[in-house]
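To keep things clear, I will list the structure first and then write my remarks on it.
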Amino acid sequence: MMIQDFAAFSAVREAGLAKLLPGKPRIAVGMGTCGSGNGAEAVYSAFSSEIDTRGLAVQMAPVGCFGFCAEEPLVNVWVPGRPLLMLHRVQPNHVDTILNGLEHGELPPPEIVLCKIEEWDHLTGHVKYGTGYPDVPNWNEVPFFNGQVKIVLRNCGLINPDDIEEYIAVGGYQALYKVLIDQNPEAVIEQMKASKLRGRGGAGFMTGVKWEFLAKAPGPEKYLICNADEGDPGAYMNRNEIESDPHALLEGMLIGAFVTGASKGIVYVRAEYPLAVLRLERAIEQAREYGVLGPNILGRGFDFDIETVEGAGAFVCGEETALIASLEDQAGRPRPRPPFPAQKGLYGKPTNINNVETWYNVAPIVSKGPAWFTETGSPKSAGTKVFSLVGKVHSTGLVEMPLGTPLAKFIYDIGEGGTNGRDIKAVQTGGPSGGCIPADMFDTPVDYETLAQIGSIMGSGGMVVMDEDNCMVDVARYFIEFTHSESCGKCVPCRVGLDKALRVLNGFTVGSATNEDIQGLDELCRMVRDTSLCQLGMSAPNPVLTSLRHFRHEFEDHILAKRCRAGVCEDLALSPCENSCPLHMNIPRFLQLYKEDRLEDAFLSVILDNPLPASTGRVCQHPCDNRCRRAAIDEPVNMRDVHRLIADEVLLTDKFDAMVGRVLERKLKPTGHQVAVVGAGPTGLTCAYYLALFGHSVTVYESRPQAGGMLRYALPEYRLPKEVLDKEIELIERLGVKFEFNVNVGEGLGLNELAEKHDAVFLAIGTWKESWVYLAGTELTGVLPALPFLEGVERDEKMPIGEKVVVIGGGNAAIDSARTARRLGADVTIVYRRERKDMPAIPEEIEAAEHEGAKLLYLAAPHRIVGDKNGQVRAIEAVRTKPGEFDTSGRRRPVPTDEVIRIECDTVILAVGEKVDPDFCKASGLKVKEEGTIEVDRYSLETSRDRFYAGGDLITGASNVSNAMGIGKKAARNIDKRLMDLERSPSLIPDFEYKMEAPETPSEYGRHVPIEMPAAQRVQSYAEVSLGLTAVAATEETARCLRCDIRSAER
Amino acid sequence: MDKPKIGTCWLDGCSGCHMSLLDADEAIIGVLKKADIVFGPLVDAQEWPVGVDVAVIEGAVSSQDDLKLARTARARSKVVVALGDCAVTGNVPSMRNGIPTRKLLERVFVEGSTEGRGVPTDGVPALLKQASPLQEAIKVDVHVPGCPPKPGAILQVLTDLLEGREPGLGGKLRFG
Amino acid sequence: MTEKVKIRIDGEVIAATAGQTILEVARTNSKYIPALCYMEGLSAVGSCRLCMVEVSGVARLLPACTTPVQEGLAVTTSSEQLSNYRKMALELMFAERNHTCAVCVSSGHCELQSLAQDHGITHIRYPYNFPKLTVDTTHPRYVLDHNRCILCSRCVRTCAEIEGAHVWDIAGRGIGSRLVSELQRPWGEATTCTSCGKCVQACPTGAMAEKGWGVEEMTKKKAAVSRLTSMREGQ
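Chains as they are written, first to last, in our numbering: chain A, 279 to 1329; chain B, 5 to 180; chain C, 22 to 256.
Here it is as structure tokens:
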């Protein structure tokens, strides 16, 4: 029906409202591309047919997408008088239950209920759905929606995009009507200017100013173009906008056309968006039918028509001059500006090009005024922007936020942080033209200027989150590969410069790059940025330049250490497990050797990679588990327990002596070099072991009476029986390492004296100082630091603990203290200020502590220790905390509340972390870092003093056993290289011949876990809790390995 | 004090650059007064000696042997000079780079041969996939382009280096 | 468009006509700005990026060949950064294809080669691509050697704008861009080609040459091509 007067307009509006809020229930299914991809079509037809079968009076409608892509398909259920109920992850098998509930006035099952909407401000109109469902959260109480301001997406997911009447029902085309009645184009342009609306395609030019150019340009032939050539990887806001609300785009363009005097409108949309094209074309047809497009629009004597043109998808056609060339049937290559399109555009006529999203802001600004618009956003960047939040973030989807919102809000609040608890490393904004922003800069507000300052851009709004599994070198390489293949080839810097940059970056990923390449790449990228012809070339280097600025160490890792920490660059690693192992054990090799029933060879393989395999087999944090590709099938291979078994089978049996002999065979010829190792902890022992294998004379100086460090003195017997550790140390001694105990280097023995007697010195004294938190009452009797407590118990000393013990902390030392205290018969409570998932301790250990009867109190920050008049601990008071904002570690900061918890106790064990002895560092005369650790070269581990190396916790601060050993191993390699001027570490490993065959089908065994002593029995003694795998279980476990070490070429 | 040592060699090239050096005629004697030539086609040494001051290398890097010699020369010399277009750009030897080596050898030794003895394997070094300029194989300090470079230019570079100056080639050379 | 403006090039005040480009003004006043894709008498496309100059008050570099002058414009034509970028652009052109100057008909008369010399290039810092490219010898009088083509599109514009035949265009994109005659038809079979040879004369390198010349023997008559335009404008 043609709308030629207001009466007709109102009639259409009424008809639309009757569809939106019919006198019967309405079920609307979110059917954007995202919904359809997740099965929305099937859900829709399941609803339709079931409603038909049952003969229900229910109206069905397809709608667009409400933005929460991670939770598709979304379904809206509305019953007259009640709020709109939004359901998520709806599958056809839910249909029955939902309809049953509808008939009986019951809510659908809670697991599919997402939120409710009681009323909705469409900005151009207002819809009241109703009230009720007190237990269902409001839409903006859902973390993903909390803080979102829907201006552009005002109608998305709520109205039927294929029905112009529903659009008019929520106030659509009213702004156009108003503009046509007012007949004052200049005023509208002034409004646009006052609103400070800036182009949403990325460059951020003032829309009002751009319109004014076109309005002033000579006519009558002038063009208005909507750029819907959205091509950034990971960005799809324009697609969703058109799919969900095509009429809002038409209305924006119609208003723009009227005020600028344009004669023709074109929507240039990429052909890869078939659904968007379809809905847009339907909308155009309907608009013509209803008289809002074409001749004599709304009876106001204004003529304008819009057509769609499908682009073939070249990325460069998003650049406006290339887009114009493409519209003119020429190759999509940009040309220099000036002349600008406003002077000489399509077919040489004045032309204005705006991005899809810019047009969506027009109608609300016209109807609500510029002052309303500038209330949202930052002073220079008014309004909102739609972002596609994707990548390694928990909740993904389209997010519309006020400009100026800090990145942290997007990532930690809206996106709810990393997936599976992984640490987020960076976010990439602006697609291939943008840059990578590191996590410690997440307080950056997202607006045009700030992002540009830090080398990125807002672009069209892509926001790709990266975590520790992303290699920033590879990310940079990926984006350059993209822009390289999308370069039109016209100008030299972009065509050849990007090609060269890609070659250099490829060199990094395979480890063939050199130090000069970092400098060369930086220079080349600056040249491409500064001299390219169009925005594609000018911005293509941004991902590289920002990565070089913020993640330079990753580039250096790839060339100096030939390592890709994230494990992405496969040529730099044997397999994901090997890459994640701090000791870089050849895990597939020992698994295969054991599988081939060659225990001795398997042991040799293990011990040459790791001198403390039985200890680490018990206490390692097993990063390999997190990387194992088997996890994609069922669960990771239990690599740690297999190597524990291999080690135990030799170390604790009569095979030991013979195997010592086989290790001795690998020892290289004596070199005559003398090396000192200070500290007999895991780091020092590892370094000494390898130095001895290399043929050097090694002396280990240790301040305590026995070797082992933390392994001996901090790890309770029930986790690591000392008989096992003793055997490992015996092997190291039999390799020729000399130990001098009870020697305090720095006090009894000076560093200068060491330097005189040795050709190189390795310092690894570890972290033995308990961090002392400021807490009232720590001076009371009954307050103990964790390490001396554990050490005392280990040495069989009588520890002064009472019946009720409180342990403060959440690390391994806290859990060890708690479990030890349980064995001493105490009642134990662990108090931790954050949430359980934030505890740094190994999760299995926390569970074991619970099984053994330790109580855990989370979200409680100790506030003071209460003493009696004798100065003896009586209780501890803790403030209840609640999770607050995310901090830079990606964990929620505990925020204190008013609630105080009091726990009666007589002993408090403080396990809040250990640190390096500051006195030792100061006295050493070596360069010390701010946090008190010794400064070393990242790659060589050399300190500021020649021939002095340092490692372990002394350089990293408190870490864990395997990390510390990894550093010891690296130090030995570097010291040997320095002394011998040759890389000799590969010569230590014999040629193990074993099957290089990947399993054709993955073995059917599930993950084997070690047998454990029952909890009740455990607390009675210090006997080892984990009994390890049986030989049969271990053999079956080795069969589960997928052999990632065999490359596809060999497969 | 010993005289500085010069070593020269040609990899994949036509020896034209060495000829150009010889074309300097008696001016060579001036160079020999300042330095000894310890390795090269004109010298009887079998192996690149250690402690060379200036290595002058002609030709592109085309075979395993070229690569080995270039690396040895680099490791044992203070300054490396890439002499002539083949060493600087790859030049004519690199024109085969678009053709797989196996096809190339068959074209030359099978299709192009009347003797029919096939592709030789004994006593000939394996060809690399591509002939590359010297600086893609080793670090090069001085580039002297030209096909061949003029005798005067070569002498100038050598004299500058022997007298401890940065070689000044301004205007004397044409790239390519 | 005969409004007179005053601009500064490297400090010197120069009178110009509004609508002229910086490069045109510089050339008429014997101020040197290097360029390869620019040729007098043809439309400017700004693709070689050698003519980038600094303009005071503008943060980014601008191509002299397409930037119109306006009153008060102050241009700097050479600086360390500019010459470094120009050098890099030239090196990239050499590394892109197989120029092998030693066996080129245009050696010694080649614009690319002489610019390299002007910029003190003694070697290319980037690894060579060594692409496998063809030589089109199908035309009876001329030859097209893709190994030496720098995609400046001077032939394309000469043929389209002066001869009016539009035989040439650039196909493909990015590093895979290639000059093509008609729709990838060999030059000798191109029905629109009038064999006028102006493209050959316009080519700055040895990519297009007359048959029958040996190494270093081919010189080109570029001025003749440019003169055609000025003569027509004079009509």
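Just so it is clear, CB atoms sit at the ideal spot from N, CA and C, and this is done for glycine as well.
{"Query": "Expected contact under 8 Å - CB spacing of V1109(A) and L1135(A) to nearest Å", "Result": "5 Å"}
{"Query": "C-beta neighbour in chain C for E110(B), strict 9 Å", "Result": "no"}
{"Query": "Positions along the segment 773-791 of chain A whose CB lies within less than 7 Å of some CB in chain C", "Result": "R773, V774, G775, D777, K778, R781"}
{"Query": "Where A851(A) falls: helix, strand or coil (DSSP)", "Result": "coil"}
{"Query": "Exposure of G1167(A), with buried meaning 16 or more beta-carbon neighbours within 10 Å", "Result": "Rather than Gly, the amino acid found at residue 1167(A) in this sequence is Ser. Exposed."}
{"Query": "Proximal residues, the segment 130-144 of chain B versus chain C, C-beta separation under 8 Å", "Result": "Q134, S136, P137, Q139, E140, V144"}
{"Query": "Chain A contacts from the segment 182-194 of chain C (Cβ-Cβ distance under 9 Å)", "Result": "D190, I191, A192, G193, R194"}
{"Query": "Span separating the alpha-carbon of V83(B) from that of V58(B)", "Result": "5 Å"}
{"Query": "Neighbour-count burial assignment, A244(C), 16 or more Cβ in a 10 Å radius", "Result": "exposed"}
{"Query": "Residue span of the alpha helix (DSSP H) that contains M744(A), given as start and end", "Result": "Taken as a continuous stretch (DSSP letters only), M744(A) belongs to no alpha helix (DSSP H), being part of the beta strand (DSSP E) at 740-745."}
{"Query": "Q813(A) in three-state terms, based on DSSP", "Result": "helix"}
{"Query": "Three-state class that DSSP yields for Y1283(A) in the structure shown", "Result": "coil"}
{"Query": "Residue-level contact to chain A via CB, A95(C), 9 Å cutoff", "Result": "no"}
{"Query": "Residues that W14(B) bridges to, as DSSP identifies them", "Result": "E62(B)"}
{"Query": "Straight-line Cα distance separating E848(A) from A31(B)", "Result": "56 Å"}
{"Query": "Chain B residues whose Cβ lies nearer than 9 Å to that of N119(C)", "Result": "G94, S98, M99, N101, G102"}
{"Query": "Neighbourhood of C151(B) by C-beta distance below 6 Å, restricted to the same chain and skipping five residues each side", "Result": "D89"}
{"Query": "Segment limits, beta strand (DSSP E) that includes Q706(A)", "Result": "702-707"}
{"Query": "Closer than 9 Å to chain A by CB, A223(C)", "Result": "no"}
{"Query": "Where M744(A) falls, given that 16 or more other Cβ within 10 Å makes a residue buried", "Result": "buried"}
{"Query": "Selection of the segment 498-527 of chain A by Cβ proximity to chain C, strictly under 9 Å", "Result": "none"}
{"Query": "Sequence-distant residues of the same chain with beta carbon closer than 6 Å to Y967(A), five excluded per side", "Result": "P889, I1010"}
{"Query": "Sequence ranges, beta strand (DSSP E) only - wholly within the segment 1047-1098 of chain A, length at least 3", "Result": "1061-1063, 1082-1086"}
{"Query": "6 Å CB neighbourhood of G345(A) in its chain, flanking five on each side removed", "Result": "G675, L676"}
{"Query": "Residue burial classification, K663(A) (beta-carbon count within 10 angstroms, cutoff 16)", "Result": "buried"}
{"Query": "Helix, strand or coil at M73(C) [DSSP, three-state]", "Result": "strand"}
{"Query": "Cα-Cα separation, G497(A) to L605(A)", "Result": "20 Å"}
{"Query": "Runs of alpha helix (DSSP H) wholly within the segment 130-188 of chain C (minimum 4 residues, chain order)", "Result": "132-139, 175-178"}
{"Query": "Rounded straight-line distance, which links the Cα of E801(A) to that of T98(C)", "Result": "21 Å"}
{"Query": "Rounded Cβ spacing between L1352(A) and A992(A) (contact assumed at less than 8 Å)", "Result": "Because chain A is modelled from 279 through 1329, residue 1352(A) falls outside the range shown and cannot be assessed."}
{"Query": "Chain C contacts made by the segment 846-868 of chain A, where a contact means CB separation under 8 Å", "Result": "none"}
{"Query": "Same chain, Cβ closer than 6 Å to F491(A), neighbours up to 5 away in sequence not counted", "Result": "A620"}
{"Query": "Residue range of the unbroken beta strand (DSSP E) whose run includes A1228(A)", "Result": "1226-1228"}
{"Query": "Local Cβ density within 10 Å of M470(A), reported as buried at 16 or more and exposed below that", "Result": "buried"}
{"Query": "Host alpha helix (DSSP H) of E51(B) (start-end)", "Result": "Segment: none, E51(B) is in no alpha helix (DSSP H) and carries neither H nor E."}
{"Query": "Interface partners of Y149(C) on chain B, CB under 9 Å", "Result": "T93, G94, S98, N101, Q134, S136, P137, E140"}
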